[in-house]
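Going letter by letter, the sequence shown gives residues 166 to 357 in the working numbering.
Every residue, glycine too, gets a C-beta built ideally from N, C-alpha and C.
These notes concern the structure reproduced below.
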Amino acid sequence: MEGPSWSGGGAYRGMCSAYLADLAPGDVFYGYVRVPSPPFRLPADPATPVILVGPGTGFAPLRGFLEERAATGASGPAEVFYGCRHPEHDWLYREELRAWEDAGVARVHTAFSAVPGHPFRFVQEAVAAEADRLWELLEDGAHVYVCGDGLRMAPAVRKALAAIYHDRTGGDGDRWLRALEDEGRYQQDVFA
Numbered sequence: 166m167e168g169p170s171w172s173g174g175g176a177y178r179g180m181c182s183a184y185l186a187d188l189a190p191g192d193v194f195y196g197y198v199r200v201p202s203p204p205f206r207l208p209a210d211p212a213t214p215v216i217l218v219g220p221g222t223g224f225a226p227l228r229g230f231l232e233e234r235a236a237t238g239a240s241g242p243a244e245v246f247y248g249c250r251h252p253e254h255d256w257l258y259r260e261e262l263r264a265w266e267d268a269g270v271a272r273v274h275t276a277f278s279a280v281p282g283h284p285f286r287f288v289q290e291a292v293a294a295e296a297d298r299l300w301e302l303l304e305d306g307a308h309v310y311v312c313g314d315g316l317r318m319a320p321a322v323r324k325a326l327a328a329i330y331h332d333r334t335g336g337d338g339d340r341w342l343r344a345l346e347d348e349g350r351y352q353q354d355v356f357a
């Protein structure tokens with residue numbers, strides 16, 4: 166990733182993309198491929214509802230899921246929760262998300278932490294605001310995918326989902342989420 170720095174003092178070059186761009190043919194690149202366990206993939210049945218939550222660069226795996234759903238004509242509903250600081254500065258995949266929403270591939274909910282007056286600063290707030298719709302999908306067997314920040318965002322999203330369960334059943338939301346994990350219906354691809 167490359168562009169003007171937000172500070173106005175020069176250019177920004179992403180660390181990984183700049184490193185890769187500077188490699189010449191034949192150079193050796195040392196890296197690793199992390200294989201998630203359990204496998205991080207969409208449900209086999211394209212009619213299965215999905216809930217995708219991922220702010221910023223953590224959204225990349227979910228983008229792949231949306232591309233797959235669009236290409237295969239998946240019929241199940243998809244609720245997407247995307248967040249970043251400011252839509253004019255760092256809303257990655259904006260045009261693709263809008264196109265998928267226009268095509269009926271997914272409904273997109275946004276959170277912008279640096280936009281005064283935007284209804285949601287963080288994705289977990291947008292998740293909580295859609296509690297009724299998410300509960301309906303979860304009751305219909307929805308799979309939940311959370312990608313990105315594992316220190317703050319992922320635990321906050323988990324807490325919001327646990328609260329949705331507790332508010333509707335009076336039960337233990339954490340236990341319910343563990344059961345969803347055991348079923349492969351709640352998956353995370355997060356980094357610290």
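Residue i to residue j span [Cα, whole Å]
{"i": "Leu-188", "j": "Val-355", "result": "28 Å"}
{"i": "Arg-178", "j": "Leu-257", "result": "16 Å"}
{"i": "Val-311", "j": "Arg-286", "result": "17 Å"}
{"i": "Ser-278", "j": "Arg-250", "result": "5 Å"}
{"i": "Ala-276", "j": "Gly-219", "result": "10 Å"}
Selection from the options that minimises the alpha carbon distance to residue i
{"i": "Val-245", "options": "Ala-344, Gly-168, Gly-223 and Glu-167", "result": "Gly-223"}
{"i": "Arg-298", "options": "Cys-181, Phe-287, Pro-204 and His-274", "result": "His-274"}
{"i": "Gln-352", "options": "Glu-266, Leu-207, Gly-174 and Glu-167", "result": "Leu-207"}
{"i": "Asp-314", "options": "Gln-289, Val-280, Leu-185 and Ile-329", "result": "Gln-289"}
{"i": "Asp-210", "options": "His-308, Asp-192, Pro-284 and His-283", "result": "His-308"}
{"i": "Leu-326", "options": "Val-292, Gly-336, Leu-316 and Gly-196", "result": "Val-292"}
{"i": "Ala-294", "options": "Ala-212, Ile-329 and Asp-267", "result": "Ile-329"}
Span of the beta strand (DSSP E), counted from its first residue to its last, around residue i
{"i": "Phe-356", "result": "351–356"}
{"i": "Glu-244", "result": "243–249"}
{"i": "Leu-217", "result": "215–218"}
{"i": "Arg-178", "result": "176–178"}
{"i": "Pro-169", "result": "167–169"}
Contact set for residue i: own chain, Cβ-Cβ below 6 Å, skip 5 residues either direction
{"i": "His-331", "result": "Gly-338"}
Range of the contiguous alpha helix (DSSP H) that encloses residue i
{"i": "Ala-344", "result": "338–347"}
{"i": "Trp-265", "result": "259–267"}
7 Å CB neighbourhood of residue i in its chain, flanking five on each side removed
{"i": "Glu-233", "result": "Leu-207"}
Extract the residue ranges of the beta strand (DSSP E) inside the region 273–323, only unbroken runs of 3 or more that lie entirely within it. If only complete runs of 3 or more residues are kept, the region 273–323 shows the beta strand (DSSP E) at 308–314, in order along the chain.
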